[in-house]
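First comes the structure, then the notes that go with it.
Numbering (my numbering), first residue to last: 17 to 1033.
Spelled out as structure tokens, the structure:
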């Protein structure tokens, strides 16, 4: 009986379950009747879901007829279907053209992405915000194919990046043009609050020709947020980060240092400096090592950013406004003043002031304050990494003498400083009138005023360190730094004003399948600067940092000042045509004039043409190749200019010769005279660039997978450079630079992205890769180099001459075998390849090394290859996003110097050869071959790397949870910047491969861990 009841109970259960579960089947197809495999089918409001099979079919169990099925697929609009009494549901999803219809900012306008004909890449503001940095430009690393982002300094206030588009194309200035909200040369891109950025577009080919003589290095367009129709959305975000060095460089400890000092002394025939007992004390820790890096730098510093914004509007008026504050402290111990602080405000307004008349008003301002130590970087950081590890950094908790009486701790705690306080104000007023009786015609104009003022105060004062001179435990203070006559306060005031005026007419109209567009504009700009500087030496006290407190002696006072004025006048435009969004062609031009050049040679014409064919819109393609949604072939050619040269080179230059320095005496008195300097070049002009680009855009599987490729060639001519001739010294003249150099630059770029959804899980992965290599075609080198292979022609811009290192003399046999550079070789000296086979090693044997550095400095290594990839996803409010950036084909010289009193990297000291003390050493003996005159491939290191640029884990609370608090969004996040770096220097304890001064004489490269919260009302 019991067994029967159990069976009956089970039967009833399964009967009830069968009645509760209803089965629905069907298919999901696109508008062409093609099945969509992998489409998501989800019961709304539940986690019950499935996916279609390869043929687009599905089967799903539901609870009751009231359920609603949600159908979704990447690249298509989501569709909901009520089940009712249906048991078979066949769905046709409509293609979501949002990706193709995405608006891309181009030069002086916008364009739908599907109609873009040039090599233009766009980064949305959200990607910038998710990277926890204070500088917007550093957030772009690895995100745009063809854009090189090099953070050459990590010090707060100096941590902006240097940018290159498609590598190095000239021996002159390679900086791209920055355009912010339509205004060129506005400056301050790195300091725009990332929360204010809507998008960033990079113009890499002839699409930049509309910017004329400033476009040869590419153009970056930054667009800030504007209002949107709808209820006002108030947003607040707070981020707090902890910043620390990316790595701890490994310097020699006291034991290794002392042994190395003794070895060096032995090699020089000098007595040992350290006894065996002293070395043993260093080894067992009874006489501890001073870790100068840890003594000078904190383990971390504080960084934070606040942002408050409001965005909204109605049909006729829309607005966006924001307030922000950012701060980052320095890493120096004992100093709480160094660092960077910024306050920023922005208001963007769009309104219809009358019928067909629209007004746009942009106002933005910020205050930037930078506080640095009073000494230059080489002094501060050089005295940190080179200080001997056997001398103390502190004595009884106070700064000790340190290396060369310049202990960075004493300097950091001293009264001196270098401070810059700047105020920047940007404004723009725009009016557009839509002509009612001519459809598609708009007449407009705008005026932009950009004003900046800054004051820099350099208070160079003595500091105090301490020592126990008598070794009796009594610590006495000692004054270090400048003497009375050499201490000073220098105050520099810098005021700048840029006024830009623009008038334009725009026409866009569609006639059936034909769309035509025309844009014509006039623009002029005047930029003035006024700089005044005053200095007094001889301060009796460091308590008063004002000029009046300096010496009244006229010989200890100085002042100077100058002003500049630069004007531009331009006519430019664009004509476009497309047929059925299938065949697209565009012509852009600019007739550009600048006061940089002489009258009669100030204007130039810069045209560009772009064309594209959307093959995927052709019937023969669309009907037969279903999985490809977008296939576009692009091509462009343009002639662009680069006028980033010193102005007024068409005038003879004169200079002031000081009587008490150059020895000019009249009537027994020293007098200053004005004499000739550089001869004028009346024919000076801008650099000219011919750029050709061929590209392909591809979208597959309903644009869930996208791909683009570009191949480019650039020929740069008329680059300024000196001729290899001279004039007699008695003339006192220098010859001017002339437009004679030529450089070629070629490469390719690849970019891909994949998006996928699985029910509530959304996933993406993207990657980009670019290769660019320059080739110097002509530099006037005739007669300079004795060997043809030493010429810069045929090599990359910035190539260097170096000896080809083969090894070093280990034995007497080596001395007999290999010729020497010095002529008197010693065991441990390096030896080099006899390139010209003349049996002698001299400067004729140096070879060209493509070391990828910009000759005018300030950038660091320029890699031939850069790449990046991004990966991320979200599931029910939980997000994970990561971005990687890397470089390859990049080399940099990394040398060292070492002596008694000057420490070095552990790697170099451990591996320096000595026949007695280190016969297995892999490097030449101490300091052999490390001079600039003996630069060789020995010191050339591969500085390729892959870096986890940013990673973010975030969670947004469910709407039903936060709606009761009046919130529409509440998001918590933890993120990191520069968290992990994979490179070939780390294993040897060397510095970050991206360092500008790779020997460590700079503020350490940093990483950060950030905690954030953001909310919307």
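Ideal Cβ placement from N, Cα and C applies to all residues, glycine included. None of the values given here were measured: they were computed from a predicted structure.
Burial state of residue 1018 is buried, judged by a 10 Å Cβ sphere holding 16 or more other Cβ atoms.
As DSSP reads the structure, residue 137 sits in a beta bridge with 218.
One thing to note: residue 84 has its Cβ within 9 Å of the Cβ of residue 99. In this structure, residue 698 and residue 614 form a Cβ contact; the two beta carbons are roughly 6 Å apart against a cut-off of 8 Å.
Between residue 430 and residue 480, the beta carbon gap of about 7 Å places them in contact (Cβ cut-off 8 Å).
For residue 194, the closest alpha carbon among the candidates 212, 305, 227, 304 is that of 227. In this structure, residue 198 lies away from residue 440, with their beta-carbon atoms at least 9 Å apart. In the DSSP annotation of this structure, the continuous segment of the beta strand (DSSP E) that includes residue 756 starts and ends at 754 to 774.
Nearest in C-alpha terms to residue 556, of all of 568, 260, 140, 660, is 568.
Secondary structure within the stretch 460 to 504: the beta strand (DSSP E) runs of 3 or more consecutive residues, fully enclosed, are 479 to 483, 492 to 496 (chain order). Within the DSSP secondary-structure output, residue 240 pairs in a beta bridge with 213. Residue pairing for residue 658: DSSP places it in a beta bridge opposite 703.
Annotation for residue 556: no beta strand (DSSP E) segment contains it, and DSSP assigns it neither H nor E.
If the five residues before and after residue 714 are omitted, its C-beta is found closer than 6 Å to the C-beta atoms of 647, 723, all from its own chain and listed in chain order. Pairwise C-beta distances place the stretch 330 to 338 out of contact with the stretch 348 to 357, as fewer than three of them are shorter than 8 Å.
Listed in chain order, the beta strand (DSSP E) runs fully inside the stretch 937 to 995 are 956 to 958, 961 to 972, counting runs of at least 3 residues. Under the three-state reduction of DSSP output, residue 850 falls in the coil class, being neither helix nor strand. Collapsing the DSSP output to three states places residue 151 in coil.
Around the beta carbon of residue 462, 16 or more other beta carbons sit within 10 angstroms, so the residue counts as buried. Annotation for residue 824: the continuous beta strand (DSSP E) segment containing it runs 821 to 824.
Contact between residue 41 and residue 75 holds: CB atoms are separated by about 4 Å, below the 8 Å threshold.
Per the C-alpha coordinates, the member of 990, 989, 975 positioned closest to residue 983 is 975. Within its own chain, the residues whose Cβ lies closer than 6 Å to the Cβ of residue 237, once the five positions on either side in sequence are excluded, are 121, 195, 217, listed in chain order. Assignment of residue 225 by DSSP, reduced to helix, strand and coil, places it in the helix class.
For the beta strand (DSSP E) assignment, the uninterrupted runs of no fewer than 3 residues enclosed by the stretch 298 to 332 are, from N- to C-terminal side, 317 to 329. Of the residues assessed, residue 109 falls on the buried side of the cut-off, its CB having 16 or more other CB atoms within 10 angstroms. Between the C-alpha atoms of residue 492 and residue 386 there is a straight-line separation of about 33 Å. The shortest CA-to-CA distance from residue 951 to any of 847, 186, 928 is the one to 847. In its chain, beyond the 5 residues on either side, 316, 1025 have a beta carbon closer than 6 Å to the beta carbon of residue 258. In terms of Cα proximity to residue 1029, the closest of 623, 991, 1021 is 991. The beta carbon of residue 273 sits closer than 6 Å to the beta carbons of 405, 919 from its chain, once the five residues preceding and following it are set aside; these are given in chain order.
Taking a contact to require three or more Cβ pairs closer than 8 Å, the stretch 519 to 531 and the stretch 446 to 461 qualify as touching.
In this structure the stretch 594 to 601 does not lie against the stretch 563 to 580, because fewer than three pairs of beta carbons, one per stretch, are closer than 8 Å. Contact between the stretch 364 to 381 and the stretch 989 to 1009 is absent, with fewer than three C-beta pairs closer than 8 Å.
Following the DSSP letters along the chain, one finds residue 95 in no alpha helix (DSSP H) but inside the beta strand (DSSP E) bounded by residues 95 to 98. Per DSSP, reduced to three states, the secondary structure at residue 88 is strand.
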